[in-house]
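Okay, so the sequence shown: first residue is 17 according to this note's numbering, each after it adds one. Yeah, the Cβ is synthetic: ideal placement off N, Cα and C, and Gly gets one too. Encoded as structure tokens, the structure appears first; notes follow it.
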Amino acid sequence: MTVMEQASESGLKAPVSLNWGEGGMSGEPVRESAKTLGELKGIFLDEAAGAQMDAGTEVYRVRWWKPVEQGEEGGLFWGVTILQPGRVGEEYFMTHGHVHANRTRAEYYATVSGTGLLVRMDEQRKSWVEEMGPGTLHYIRGNHAHRVVNVGNEPLIFWACWGSDAGYDYTTIREFGFGIRVLERGGRPAIVPNES
Ligand code: PAN
Ligand code: ZN
């Protein structure tokens, strides 16, 4: 019997196993939710271009493990986001973006594949990007809004660890957006002020 088989027999098997490269999670039940273009209406700049596209197109998918209840103080969640390549008009596919409802709760993002930009914004709306690629690790302060943009041609896959009591404030981003947008200009990503 191998050590792993022994551990498994004696109940020491890890509750969740990861397929790092592909964003797979197996074992204990994990949640999974997909975001479509239709659900991101109002987030992309070029609404006319978005209206021409299939509202059912998947933009990204999140899988996460909740070993404790949402809202429990001091717990941690673990998850992965698979963000597809694509554009709405000139704007690259991206996550909705949010700031944590509890502004003291930070988060890690770690990229395994693809090419992206992590857009961050502080409480004064100062906004900037960090490059994401295989192996990049990002520490996001609890009071920084965060959104990921896929600027490559393949899915962008990144893992995340965040507090079970972090919560999500999507309203601030839905109403005011970030201070910058990432658009394709001349075949390359360009960071432009968000004037909408
Ligand atoms: C991530 C995000 C995930 C999807 O798990 O929730 O990448 O992005 P939106 O939540 O902005 O749609 C995270 O930041 N959790 O806190
Ligand atoms: Zn977050």
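| request: In the DSSP assignment, find the alpha helix (DSSP H) that holds E63 and state where it starts and stops. | output: 63–67
| said: Considering Cα atoms alone, identify which of N166, E123, H160 is closest to I189. | reply: H160
| E301 versus I196: straight-line alpha-carbon distance, rounded | Examination of residue 301 is not possible in this model, given that the chain is present from 17 through 212 alone.
| query | Mapping DSSP to helix, strand and coil, what is R157? | reply | coil
| message | Using a 10 Å radius around the Cβ and a threshold of 16 neighbouring Cβ atoms, would you call D15 buried or exposed? | response | Lying outside 17 to 212, the shown extent of the chain, residue 15 is not represented and no answer is given.
| query | What does DSSP give as the partner residues of S129 in its beta bridges? | reply | I173
| query | Can the beta-carbon of G91 be found closer than 8 angstroms to that of P83? | reply | yes
| field | Proximity test, H162 beta-carbon vs the ligand ZN heavy atom, cut-off 7 angstroms | value | yes
| task | Output yes or no for whether 8 angstroms exceeds the beta carbon distance between V115 and I207. | result | no
| message | My output table needs one value for T187: the three-state DSSP class, helix, strand or coil. | response | helix
| query | Within 10 angstroms of its Cβ, does A176 collect 16 or more other Cβ (buried), or is it exposed? | reply | buried
| Tell me, which residues are paired with L199 by DSSP? | E107, A206
| query | To the nearest angstrom, how far is it from the Cα of L107 to the Cα of E200? | reply | The residue you asked about is not Leu; residue 107 is Glu in the sequence shown. The alpha-carbon atoms of E107 and E200 are separated by roughly 6 angstroms.
| message | Only counting the same chain, and skipping five residues up and downstream in sequence, which positions put a Cβ closer than 6 angstroms to that of G105? | response | D62, A65
| query | How long is the line joining the alpha carbons of N166 and S26, rounded to whole angstroms? | reply | 43 angstroms
| task | Tell whether a beta-carbon distance below 8 angstroms holds between L53 and T73. | result | yes
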